[in-house]
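Engineer: To start, I am sharing the structure in question, which I have written as structure tokens.
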Amino acid sequence: MVKELIINSTPNGVTIALLQDKQLVELNKEQVNNNYAVGDIYLGRIKKIMPGLNAAFVDVGYEKDAFLHYLDLGPQVQTLLKLTKVARNGNFNDYLLSNFKKENDIDKAGKISTVLTKNTLLPVQIAKEPISTKGPRLSSDLSIAGRFVVLVPFSDVISISKKIKSNTERTRLRKIVEGIKPKNFGVIIRTVSEKKGVAEIQKDILDLVSKWESFMKKLPATEPSKRILGEMGRASTILRDILNADFTHVHVNDPVIYEEVKSYVHEISPEMEKIVKLYKGKEPIFEHFGIEKQIKGSFGKTVNLAGGAYLVVEHTEALHVIDVNSGNRTANPENQEENALQVNKEAAKEIARQLRLRDMGGIVVIDFIDMHKAPNRKELFDFLKAEMNHDRAKHTILPPSKFGLVQITRQRVRPEMNIVTSEKCPTCDGTGEIKASIVLLDDIESNLDYILNEQAEKGITLCVHPYLEAFIKKGLFSKQLKWFFKYNQWVKVKAISSYHLTEFHFLSSKEEEIKL
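For what it's worth, the working numbering labels the leading residue of the sequence shown as 2, then goes sequentially.
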């Protein structure tokens with residue numbers, strides 16, 4: 002599988018397209034001055050305690066207060082509160098917490114009112130970006146993500162990704178981390194660390210420790226509701242999470258981002274630095290790589306599949322619904338079940354791509370074409386699970402219900418990607434109505450009179466839609482012939498199939514458009 006990353010920088014922000022075998026599978030947008038990206042750490046101020054929700058609303062500078070649930074406080078929130086108070090009140094420089102005494106873990110079934118009070122200052126991390134009318138979702142269980150590991154303060158636990166199956170490899174990684182990690186810091190070992198050497202993992206941990214020290218140095222002086230530590234740019238974040246030997250190219254159209262990405266790739270994988278290229282072509286980068294066309298064809302209510310089938314995608318406040326239709330795909334009545342299975346598998350592959358591409362989160366209900374044989378339903382379910390394995394977002398897939406519906410829950414941490422693929426009609430300007438044809442002809446004749454009598458043009462050509470050309474030329478005494486007798490010169494009429502119905506232009510004898 003060949004992967005490419007295309008980064009398009011515009012004045013409004015950066016759009017990042019991930020291609021697999023030339024097919025668009027992920028589209029990420031990073032707005033200019035996006036101050037609420039997942040992973041950012043803020044110094045929050047508790048605005049309101051909600052005992053009924055067992056949660057608090059927190060001021061992090063967003064127009065709506067952010068939401069912090071008791072279960073997202075983290076077991077060591079008392080230690081974090083103590084550290085914040087000590088750091089902001091005095092000359093604290095024990096950044097690695099080597100002599101800092103931790104507090105007891107909070108009760109898992111406790112109440113938020115026993116831990117937090119109004120106006121308390123608490124470092125919080127963005128867990129979900131603002132979506133629709135909701136403010137950010139927060140966590141005070143802080144963590145700092147690197148390429149191979151995640152650093153967790155106030156913990157001594159070493160966790161290993163469940164996707165690393167080999168017991169020998171798990172033991173090796175655990176021993177490496179045990180010998181490197183500082184005291185009072187836990188580490189989560191990510192899947193990509195499998196088979197990595199000591200030097201790479203050690204460098205990653207040291208980089209994260211350095212970021213923690215930066216956080217500690219900024220904590221005393223940071224104003225409430227302001228950001229203390231920001232996540233890296235979206236492009237670098239994607240590269241951090243998915244860069245591997247499958248990547249062949251990273252194309253960037255902005256010199257500043259090019260240097261940033263190249264520097265980051267050199268830092269994490271020097272041998273792959275050469276894959277980062279600065280795009281200097283004249284046409285837009287997304288058009289050059291065929292991404293613009295894929296975007297127009299992949300978003301919208303209807304998504305067509307190669308075999309003639311199509312998907313209908315509907316969105317509601319509570320969930321997303323995807324309907325699979327066989328379309329014009331013809332099936333042998335005797336082999337209807339096999340045909341349904343093939344259409345469903347083709348649809349399942351596209352649905353897995355659509356979920357990643359649009360970043361659809363929450364509940365997704367899929368209405369596949371009915372299949373009567375249990376082995377076929379199981380084959381479809383297994384196929385969908387295999388396709389969804391490429392998705393980095395956490396998800397759960399339920400087997401087909403008795404009605405043939407498949408339900409998926411998918412992690413949502415940022416707003417869904419929504420691109421309008423329809424365009425305003427140039428004929429009616431979006432009103433749904435066009436000028437009456439009889440009035441249109443009056444407009445043409447009025448302009449014709451002005452050009453021939455007032456401007457004294459000779460040898461002009463009228464360019465119109467083919468339907469209008471046929472109307473002007475029809476009959477023995479056509480409009481064109483009447484104009485000849487009226488103006489004493491022949492007006493050429495030319496059909497242009499690309500024109501919309503009411504569009505017309507006049508050309509001079511030199512084939513130049515006459516501006517009206």
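For every residue, glycine included, the Cβ atom is placed at its ideal position computed from N, Cα and C.
Please read all numbers here as calculations on a predicted model, not as lab measurements.
1. Pull up the CB-CB distance for Val15 and Ile258, whole angstroms please, since I reckon it's below 8 Å.
2. Could you give the DSSP three-state label for Tyr468: helix, strand or coil?
3. In three-state DSSP terms, what is Asp66?
4. What does a CB cutoff of less than 6 Å around Val322 pick up in its chain, not counting 5 residues either side in sequence?
5. Evaluate contact between the stretch 133-146 and the stretch 62-78, counting only Cβ atoms and requiring at least three cross-stretch pairs below 8 Å.
6. Take every Cβ of the stretch 93-101, pair it with every Cβ of the stretch 113-123, and state whether three or more of those distances are shorter than 8 Å.
7. Using beta carbons (cut-off 9 Å, strictly below), is Val153 in contact with chain B?
8. Ile515: which of Lys227, Ser479, Leu449, Ile145 sits nearest, CA to CA?
9. Does DSSP classify Tyr280 as helix, strand or coil?
10. Tell me whether the stretch 173-189 and the stretch 152-160 touch, counting them as touching only if at least three CB pairs, one residue from each stretch, are closer than 8 Å.
11. From which residue to which residue does the beta strand (DSSP E) around Ile113 run?
12. Going by alpha carbons, who is nearest to Lys346 out of Gly363, Thr317, Lys379, Val3?
13. Arg411 bridges to which residues according to DSSP?
14. What three-state label does DSSP hand Thr172 in the structure shown?
15. Rounded to the nearest angstrom, what separates Ala200 and Asn94 at their Cα positions?
16. Which residue wins for smallest C-alpha separation from Ile177, given the options Asp205, Pro154, Lys164?
17. Assuming Gly328 contacts Phe369 under a Cβ cut-off of 8 Å, what Cβ separation, rounded to an integer in Å, is found between them?
18. CA-CA distance, Gln21 and Asn340?
19. Tell me the residue span of the alpha helix (DSSP H) that contains Thr85.
20. To the nearest angstrom, how far is the alpha carbon of Met217 from that of Ala88?
21. Taking the alpha helix (DSSP H) that Ser509 belongs to, which residues open and close that run?
22. Taking Leu25 as the reference, which of Leu385, Leu306, Phe290 has the closest Cα?
23. Quick one: Cα of Lys109 to Cα of Pro76, how far?
24. Within the same chain, show all residues whose beta-carbon is closer than 8 Å to that of Ala307, passing over the 5 residues directly before and after it, in chain order.
25. Pick out whichever of Val78, Pro221, Ser194, Tyr488 has its Cα sitting closest to the Cα of Leu244.
26. Does the Cβ of Leu54 have 16 or more other Cβ atoms within 10 Å, making it buried, or fewer, making it exposed?
27. For the pair the stretch 246-258 and the stretch 273-280, tell me if three or more CB-CB distances fall below 8 Å.
28. Is it buried or exposed for Glu260, if we count other Cβ within 10 angstroms and need 16 for buried?
29. Write down the C-beta distance between Leu381 and Leu342 rounded to the nearest angstrom, noting that I regard them as a contact closer than 8 Å.
30. Alpha carbon to alpha carbon, what distance is there between Thr223 and Asn120?
31. Can you tell me which of Glu512, Leu442, Asn9 puts its alpha carbon nearest to the alpha carbon of Glu284?
32. In this structure, does DSSP put Phe58 in helix, strand or coil?
33. On the DSSP bridge list, what partners appear for Arg46?
34. Run through DSSP, which three-state label would Ile445 get?
35. With Glu470 and Val492 assumed to form a contact (beta carbons below 8 Å), what rounded beta-carbon distance in angstroms separates them?
36. Going by DSSP, name the residue or residues bridged to Glu318.
Structural biologist: According to the structure shown:
1. 7 Å
2. helix
3. coil
4. Glu315, Val366
5. yes
6. no
7. Of the chains in the structure shown, none is chain B; there is only one protein chain.
8. Leu449
9. coil
10. yes
11. Taken as a continuous stretch (DSSP letters only), Ile113 belongs to no beta strand (DSSP E), as it is neither H nor E.
12. Lys379
13. Gly363, His396
14. helix
15. 28 Å
16. Asp205
17. 14 Å between Cβ atoms; not a contact.
18. 27 Å
19. 78-90
20. 8 Å
21. Careful: Ser509 lies outside any alpha helix (DSSP H) and carries neither H nor E.
22. Phe290
23. 8 Å
24. Glu347
25. Ser194
26. exposed
27. yes
28. exposed
29. 7 Å
30. 15 Å
31. Asn9
32. strand
33. Asp60, Leu122
34. helix
35. Contact doesn't hold; Cβ gap of about 12 Å is too wide.
36. Its beta-bridge partners do not exist; DSSP assigns none.
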